[in-house]
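Q: The structure's right below; bear with me while I get my questions together.
Protein chains: 2
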Amino acid sequence: MEKIKQLQQDFADFLAKTDFNGQPKELYEPIAYTILQSGKRLRPMLCLLANEMFGGDEQEALWPALALETFHNFTLIHDDIMDKAPMRRGMPTVYQKWNADIAILSGDAMLAKAFQFALKPKQGAELAQQLSKVAIEICEGQQMDLNFETLGNVTIPEYLEMIRLKTAVLLATALQMGATAAGADETDIHHLYNFGINLGMSFQLQDDILDLYSDVKVFGKRHGGDIADNKKTYLYLKALELASERDRKRLQQLFTLRIDHDEEEKIEEVQSIYDRLHVKEAVEAVMLEYDRKAFEDLDAVSLTEEKKKHLRTYAEMLSGRKK
Amino acid sequence: MEKIKQLQQDFADFLAKTDFNGQPKELYEPIAYTILQSGKRLRPMLCLLANEMFGGDEQEALWPALALETFHNFTLIHDDIMDKAPMRRGMPTVYQKWNADIAILSGDAMLAKAFQFALKPKQGAELAQQLSKVAIEICEGQQMDLNFETLGNVTIPEYLEMIRLKTAVLLATALQMGATAAGADETDIHHLYNFGINLGMSFQLQDDILDLYSDVKVFGKRHGGDIADNKKTYLYLKALELASERDRKRLQQLFTLRIDHDEEEKIEEVQSIYDRLHVKEAVEAVMLEYDRKAFEDLDAVSLTEEKKKHLRTYAEMLSGRKK
Chain A
2 MEKIKQLQQD FADFLAKTDF NGQPKELYEP IAYTILQSGK RLRPMLCLLA NEMFGGDEQE
62 ALWPALALET FHNFTLIHDD IMDKAPMRRG MPTVYQKWNA DIAILSGDAM LAKAFQFALK
122 PKQGAELAQQ LSKVAIEICE GQQMDLNFET LGNVTIPEYL EMIRLKTAVL LATALQMGAT
182 AAGADETDIH HLYNFGINLG MSFQLQDDIL DLYSDVKVFG KRHGGDIADN KKTYLYLKAL
242 ELASERDRKR LQQLFTLRID HDEEEKIEEV QSIYDRLHVK EAVEAVMLEY DRKAFEDLDA
302 VSLTEEKKKH LRTYAEMLSG RKK
Chain B
2 MEKIKQLQQD FADFLAKTDF NGQPKELYEP IAYTILQSGK RLRPMLCLLA NEMFGGDEQE
62 ALWPALALET FHNFTLIHDD IMDKAPMRRG MPTVYQKWNA DIAILSGDAM LAKAFQFALK
122 PKQGAELAQQ LSKVAIEICE GQQMDLNFET LGNVTIPEYL EMIRLKTAVL LATALQMGAT
182 AAGADETDIH HLYNFGINLG MSFQLQDDIL DLYSDVKVFG KRHGGDIADN KKTYLYLKAL
242 ELASERDRKR LQQLFTLRID HDEEEKIEEV QSIYDRLHVK EAVEAVMLEY DRKAFEDLDA
302 VSLTEEKKKH LRTYAEMLSG RKK
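If you're matching them up, the sequences are chains A and B in order.
For the first sequence, the numbering used here begins at 2 and goes up steadily by one.
For the second sequence, the numbering used here begins at 2 and goes up steadily by one.
So, in structure tokens, the structure goes:
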């Protein structure tokens, strides 16, 4: 845990040292506003831990870590325009606080900055190539997500492919970039990448569950927000699969209601159907299967257990095995 | 001229060979739709000509040329959202034909693709670094342009800085990337970059003039569109500088009229003030000064006249010295 805390602190210091100021201020203020908000720094941490595992130079790995965090925040700024999200992390989103034009442009500038950061280490060309690949995949995932809003029936494989592209590939790339900066060999990088994919899938399914079943009030997120927004998450798709004809029809009906409907009542009714069908348990089983596959790939990395321990501890915290 | 035509054809072939298809189609169709429209291919041409000048490998230079064209088209897609432009090159813009979300996302994917292309040659890291620098500058220029819309008074130096960032730096970078791919030395690249800056300034001022004083009907562009849109171009700012108190007030008044006003009448009145003040001639004088400075830097490049001749011919065509 000491190592994890130290890397978190190192990244926080590196980020604080980075100059996000510039002219015109309308372009740069939203960048600093977004990236300096407190966040989990999940992607930089995966990058730094993968790098540390292979004995890489932390000073080199801080650049791709910064690239990943900058890139991730660019996706948030643009996604919030498309999702018309008024709040994030308990603060007004950029397009809401400024306007959509500024949100588009400052997002674009962040994407360019992410490449600038990724190019700094001596493996810069390879790191930037990895970043451009994941950037395109994430655009594909976001477009699939947008398509799902208007699509009548989304299948479970389609949903899984969407979250793979929208969430999992970036966690996998974070590990890949950290290991690349450390000069790890291809087979190990490949295992680490797969570890990230399955960890990411599990992570997103957990997010879907927490949206409805979280005890704590998550700051800036509504309880059952996905249901209120008619989001076809894994919970919903699994429920459709498990439901009787009658429940299925009712669920489909509930998920066409507009926001002006009584939100609380709708969330309660959907949850009662989910509970009756044991949807939460079914999704948790899928999650555990992704976790199992993830750690199989971590096991396959050709390093001693001692070297893997920090990344393992961090990933176990993420996947909720330890608190 | 043969060489110029050959490079144009080579780029057209390279572009035609590039696969812009992918899934989901909502993301990829707008990309192919935009980049495969006929265009001047100005930036790829500057890149290829600079490369050819230094005896670089054309096959290597086609990658940064493609990166530049992809990048340029990304800026068009995002700018059209912000400018609410319904048409471009005589075709509906992406946000108009599809929607703003798709225009944001397919633009993002193009920016990522541009980096992927720039990274292909062996000097990939350097080329991508140059691309990321210019990408940030162009965001700054576009933000300045957006600011000018609501700003009461824009000064001529501010306007020049805006067009430097929004237009000139990309032409300069196109030359820089071509020369970099050819392994040219730093001093020569520096001269070529400055050549591009001044050429770009002249090019944009010419654009400002052509908007109002073009004889031919430019496809997809309205005569006097800048005046109708109250765009504070160099013509307008120069007119304010040269005008009597009375003309200045009238111009400022005319440039606050909304679109519902009689457009033709407004354009005519503004043009009659410009003509009385000889604004066109004043702007042409500034343009010529930029051209002069541009070619000074081309002269300073340490190559024989013979080697520079294709780029010189192309640039002279651009700056309107030959037809």
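A virtual CB, placed ideally from N, CA and C, is assigned to each residue, including glycine.
Remember, it's a predicted structure, so these values are computed and weren't measured experimentally.
Name the residues in the segment 14 to 31 of chain A whose C-beta lies less than 8 Å from a C-beta of chain B; which are they?
A: From the segment 14 to 31 of chain A, only Gly-23, Gln-24, Pro-25, Glu-27, Leu-28 have a Cβ closer than 8 Å to chain B.
Q: Inspect the beta-carbon positions of A:Phe-72 and A:Leu-128 and report whether they are closer than 8 Å.
A: No, Cβ-Cβ distance for A:Phe-72 and A:Leu-128 is not below 8 Å.
Q: If you measure from the beta carbon of B:His-191 to each beta carbon in chain A, is any gap under 8 Å?
A: So no, B:His-191 is outside the interface.
Q: Taking B:Gln-144 as the reference, give the member of A:Ala-180, A:Ala-244, A:Asn-100, A:Asp-20 with the closest Cα.
A: Among A:Ala-180, A:Ala-244, A:Asn-100, A:Asp-20, the Cα nearest to that of B:Gln-144 is on A:Asn-100.
Q: Using a beta-carbon distance cut-off of less than 7 Å, what residues from the segment 102 to 127 of chain B approach chain A?
A: Against chain A - using a Cβ distance shorter than 7 Å - the residues of the segment 102 to 127 of chain B are Asp-102, Ile-105, Leu-106, Asp-109, Ala-110, Leu-112, Ala-113, Lys-114, Phe-116, Gln-117, Leu-120, Gly-125, Ala-126.
Q: Please confirm whether B:Glu-138 and B:Leu-166 have their CB atoms less than 8 Å apart.
A: Yes, the Cβ-Cβ distance between B:Glu-138 and B:Leu-166 is below 8 Å.
Q: Could you tell me which uninterrupted beta strand (DSSP E) segments, each at least 3 residues in length, are contained entirely in the segment 81 to 134 of chain A, listed from first to last along the chain?
A: None, since the segment 81 to 134 of chain A contains no complete beta strand (DSSP E) of that length.
Q: Do you know how far the Cα of B:Ala-180 is from the Cα of B:Ile-78?
A: If I take the Cα positions, the gap works out to 28 Å.
Q: Could you list which residues in chain B have their beta carbon closer than 7 Å to that of A:Cys-48, in chain order?
A: Within chain B, no residue comes near A:Cys-48; the closest Cβ sits about 19 Å away, beyond 7 Å.
Q: Going along the segment 59 to 78 of chain B in order, which residues come within less than 7 Å of chain A, judged by CB to CB distance?
A: Going along the segment 59 to 78 of chain B in chain order, one finds no residue with a Cβ nearer than 7 Å to chain A.
Q: In its own chain, which residues sit with a C-beta less than 8 Å from the C-beta of A:Leu-147, not counting the 5 before and 5 after it?
A: Closer than 8 Å at Cβ, skipping near neighbours: Met-83.
Q: Taking A:Ile-82 as the query, report the chain B residues whose CB atoms sit under 7 Å from its CB, ordered along the chain.
A: Simply Ile-105.
Q: If we count the other Cβ atoms within 10 Å of its Cβ and call it buried at 16 or more, is B:Leu-238 buried or exposed?
A: Buried is the call here.
Q: Considering only the beta carbon of each residue, do B:Ala-68 and B:Ala-119 sit closer than 8 Å?
A: Closer than 8 Å, so yes.
Q: Check for me: the alpha helix (DSSP H) holding A:Asn-199 runs from which residue to which?
A: Segment 187 to 214, the alpha helix (DSSP H) holding A:Asn-199.
Q: Could you give the first and the last residue of the continuous alpha helix (DSSP H) run that contains A:Ala-183?
A: From DSSP, A:Ala-183 is part of no alpha helix (DSSP H); its letter is neither H nor E.
Q: When you measure from the CB of A:Asp-109 to every non-hydrogen atom of the ligand ZN, does any distance come out below 7 Å?
A: As presented, the structure is devoid of all ligands, the ligand ZN included, so that no description of it is given.
Q: Under 7 Å between beta-carbons, which chain B residues line up against A:Leu-147? List them in chain order, please.
A: The contacting residues are Asp-102.
Q: Just verifying my parser: in three-state terms, what is the DSSP assignment at A:Met-46?
A: It is helical.
Q: Using three-state DSSP, classify A:Gln-9 as helix, strand or coil.
A: Correct three-state label for A:Gln-9: helix.
Q: Got a sec, what are the start and stop residues for the alpha helix (DSSP H) B:His-279 sits in?
A: Note, B:His-279: premise wrong, no alpha helix (DSSP H); not H, not E.
Q: At what residues does the alpha helix (DSSP H) containing A:Asp-263 begin and finish?
A: A:Asp-263 -> no alpha helix (DSSP H), and no H or E assigned at all.
Q: Indicate the three-state DSSP secondary structure (helix, strand or coil) for B:Asn-154 in the structure shown.
A: Coil, per DSSP.
Q: Please list, in chain order, all residues of the same chain as A:Glu-1 whose beta carbon is under 6 Å from its beta carbon, the five residues on each side excluded.
A: In the structure as shown, chain A begins at 2 and stops at 324. Residue 1 of chain A is therefore absent and cannot be evaluated.
Q: List, in chain order, every chain A residue whose beta-carbon is nearer than 8 Å to that of B:Ile-164.
A: Per Cβ cutoff of 8 Å: no residues; B:Ile-164 is ~15 Å from chain A at best.
Q: Identify whether B:Met-2 lies in helix, strand or coil by the three-state DSSP scheme.
A: In this structure, B:Met-2 counts as coil in the three-state DSSP scheme.
Q: Please classify A:Ala-110: is it buried, with 16 or more other beta-carbons within 10 angstroms of its beta-carbon, or exposed?
A: Result: buried.
Q: Start and end of the alpha helix (DSSP H) containing B:His-224?
A: Element bounds for B:His-224: n/a, residue is neither H nor E.
Q: Put A:Gly-57 into one of helix, strand or coil per three-state DSSP.
A: It is coil, neither helix nor strand.
Q: Taking the beta carbon of B:Thr-35 as the centre, do at least 16 other beta carbons fall within 10 Å, making it buried, or is it exposed?
A: So B:Thr-35 counts as buried.
Q: Counting only Cβ pairs nearer than 7 Å, list the residues of chain B close to A:Ser-273.
A: None at all; the shortest Cβ gap to chain B is about 34 Å.
Q: Is it buried or exposed, B:Met-2, if we count other Cβ atoms within 10 angstroms and call 16 or more buried?
A: Exposed: under 16 other Cβ atoms inside 10 Å.
Q: Per DSSP, what kind of secondary structure is A:Phe-1 in: helix, strand or coil?
A: The structure shown does not extend to residue 1 of chain A, since chain A spans only 2 to 324, so no value can be given for it.
Q: Can you check which of these residues, B:Leu-63, B:His-191, B:Glu-53, is closest to B:Val-170 by C-alpha distance?
A: Of B:Leu-63, B:His-191, B:Glu-53, the residue nearest in Cα terms is B:His-191.
Q: Determine which residues of the segment 287 to 309 of chain B have a Cβ less than 8 Å from any Cβ of chain A, and write them out in chain order.
A: Under the 8 Å Cβ criterion, the segment 287 to 309 of chain B contributes no residue.
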